[in-house]
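Using our numbering, the letters of the sequence shown correspond one by one to residues 79 to 517.
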Amino acid sequence: MNHHFLENNMTDIAIKVENLSKLYKIGARQQGYKTLRESVMGILTAPMQRFKKIPQSAIRNPQSESIWALKDVSFEVKQGEVVGIIGGNGAGKTTLLKILSRITEPTEGRAEIYGRVGSLLEVGTGFHPELTGRENIYLNGAILGMRKAEIEHKFHEIVAFSEIEKFIDTPVKRYSSGMYVRLAFAVAAHLEPEVLVVDEVLAVGDAAFQKKCLGKMGDVAKEGRTVLFVSHNMGAIIALCPRCLLMNNGRLEMAGAVREVTARYQAKSFATAADRSDLRTAERRGTGKAVFSSINIKPVTQYGEPIPVAYTGCNLSIEIEIDCHVDIADSNVAIVVYDLNGYRLIDVNTAQKGTFVSLKAGQHVMVVFVLREVLLLPGTYLVSVWLGRGGIEHTDFIEYATSFSMAADAEGTKHVEVFPGPYLCRFDSSVTYQEGPGE
Numbered sequence: 079m080n081h082h083f084l085e086n087n088m089t090d091i092a093i094k095v096e097n098l099s100k101l102y103k104i105g106a107r108q109q110g111y112k113t114l115r116e117s118v119m120g121i122l123t124a125p126m127q128r129f130k131k132i133p134q135s136a137i138r139n140p141q142s143e144s145i146w147a148l149k150d151v152s153f154e155v156k157q158g159e160v161v162g163i164i165g166g167n168g169a170g171k172t173t174l175l176k177i178l179s180r181i182t183e184p185t186e187g188r189a190e191i192y193g194r195v196g197s198l199l200e201v202g203t204g205f206h207p208e209l210t211g212r213e214n215i216y217l218n219g220a221i222l223g224m225r226k227a228e229i230e231h232k233f234h235e236i237v238a239f240s241e242i243e244k245f246i247d248t249p250v251k252r253y254s255s256g257m258y259v260r261l262a263f264a265v266a267a268h269l270e271p272e273v274l275v276v277d278e279v280l281a282v283g284d285a286a287f288q289k290k291c292l293g294k295m296g297d298v299a300k301e302g303r304t305v306l307f308v309s310h311n312m313g314a315i316i317a318l319c320p321r322c323l324l325m326n327n328g329r330l331e332m333a334g335a336v337r338e339v340t341a342r343y344q345a346k347s348f349a350t351a352a353d354r355s356d357l358r359t360a361e362r363r364g365t366g367k368a369v370f371s372s373i374n375i376k377p378v379t380q381y382g383e384p385i386p387v388a389y390t391g392c393n394l395s396i397e398i399e400i401d402c403h404v405d406i407a408d409s410n411v412a413i414v415v416y417d418l419n420g421y422r423l424i425d426v427n428t429a430q431k432g433t434f435v436s437l438k439a440g441q442h443v444m445v446v447f448v449l450r451e452v453l454l455l456p457g458t459y460l461v462s463v464w465l466g467r468g469g470i471e472h473t474d475f476i477e478y479a480t481s482f483s484m485a486a487d488a489e490g491t492k493h494v495e496v497f498p499g500p501y502l503c504r505f506d507s508s509v510t511y512q513e514g515p516g517e
């Protein structure tokens, strides 16, 4: 079946997807559908391409296998809606966004998008590496059909938001991943497409810039434009998106109110992560140059002595083992603790203490975090682990690698069920009674 991208819309529907499927042949070269951007880039680079010899194996592989990255996906998004898309690795989220962004074509089914689409997918798409940041801004605006005067009106806002003024006339091939994402998001959000599509690339930026991007997406939504947002951060999804889609193995498993959909995903994540210590077969993202092999969480006293049960206010020792395949200098190891609603509660990393991990090929490394007086209330919590080098490289990331539970302590959590927040604050209180009217 065909797929269509339309400019005019007589209804309130912004995106309509019917029975969308995408088949990939593993080992075979994908002859993709060319977007306007790719066609322009092809013209620019064509003189160089004719000198490249393409191996025969890259064109045809008789032993290639097929996999359905998407299968029979159908949904509608109304104009002005902000919709989150969640799911594990390989669920089909990015493939869906690539089809909606006209980067690839579906094998079967139909997608209708009304209006211009601004997309921010994985690092490396959207910009021509040989052009400067300034030139790429104007190129993207022209592709969206904007006049030069319109682009110039937005230019300074884009540069200011991206915070890379000093490098705006530098070819983007010299940008770090973080710089690239800053500019790419600024371009996608400020050139005013009717539909904004954002993938998990925000993970490359620092925490302050991520917060800035989430605020900008909120502003875009208030202006009545449509937003599709893929993220593993359930807190961000809940804060930004009233509605959510859950993808699983290429199919749409659930669509509905954001808290109901995220609750199902979190329950599945907890079932996978429950008390897991061996990480060698866990789903992961990253370069694979070094990988997490195990994680163990142990409650300990203030003197490091083990205790049988983790309780509110105790110390937690988190031991993480890493297997290294190549030499990597100045790496950072981070752990993040979430509640079962996906809210980030604790975020610590070795760099915060001025410690960077230098890894050597063949090494087996142990990293230990000791969280002191952990005031999490009784309940179950999920832990993600990350290894990388700032915005330069994501070496290994395992979302919800394991879980742990906290029990009540002797006194401090006696009445917290009245106000069931995630975190306990140690405090003192007093009450003063006075007879008669006050003076």
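No residue lacks a Cβ here, since even glycine has one placed at the ideal position from N, Cα and C.
Given the structure is predicted, the values throughout are model-derived calculations rather than measurements.
May I have a chain-ordered list of the beta strand (DSSP E) segments no shorter than 3 residues that lie completely inside the stretch 201 to 289?
273 to 276
Please state whether the Cβ-Cβ distance between I316 and R337 is less than 9 Å.
yes
Please report the distance separating the alpha-carbon of I221 from that of F205.
Those two C-alpha atoms are separated by around 11 Å.
Closest to S99 by CA distance: which of E471, I424, N327, C392 is it?
Considering only alpha carbons, the answer is N327.
So what's Y421 in DSSP terms, helix, strand or just coil?
coil
Please report the distance separating the alpha-carbon of G391 from that of L460.
18 Å
Within the stretch 327 to 354, note down every full beta strand (DSSP E) run reaching 3 residues or more, in order along the chain.
The qualifying runs are 329 to 335.
Can you round the beta-carbon distance between T365 and H472 to whole angstroms, since I take them to be within the 8 Å contact cut?
Right, the Cβ-Cβ distance comes to about 7 Å (below 8 Å), so this counts as a contact.
Given K94 as reference, the closest of Q157, I104, G382 once Cα atoms are compared
Q157
Opening and closing residue of the beta strand (DSSP E) in which K376 lies
368 to 378
Tell whether a beta-carbon distance below 9 Å holds between E143 and G196.
no
Residue nearest to G211 in terms of C-alpha spacing, selected from Y192, R225, R188, S240:
Residue S240 is the option with its Cα nearest to G211.
Strictly by DSSP, which residues pair up with N393?
V378
Three-state secondary structure assigned by DSSP to I181
coil
Closest to Y216 by C-alpha separation, out of G293, A189, D247, V445, would be which residue?
Answer by Cα proximity: D247.
What three-state label does DSSP hand I406 in the structure shown?
strand
State the beta-bridge partners of D356 as determined by DSSP.
S372
Which residues bound the alpha helix (DSSP H) around A314?
312 to 318
For V155, the nearest candidate out of I229, L274, E230 (CA to CA):
L274
Measure the C-alpha to C-alpha separation of A479 and L174 and round it to an integer number of angstroms.
Approximately 26 Å between the Cα atoms of the pair.
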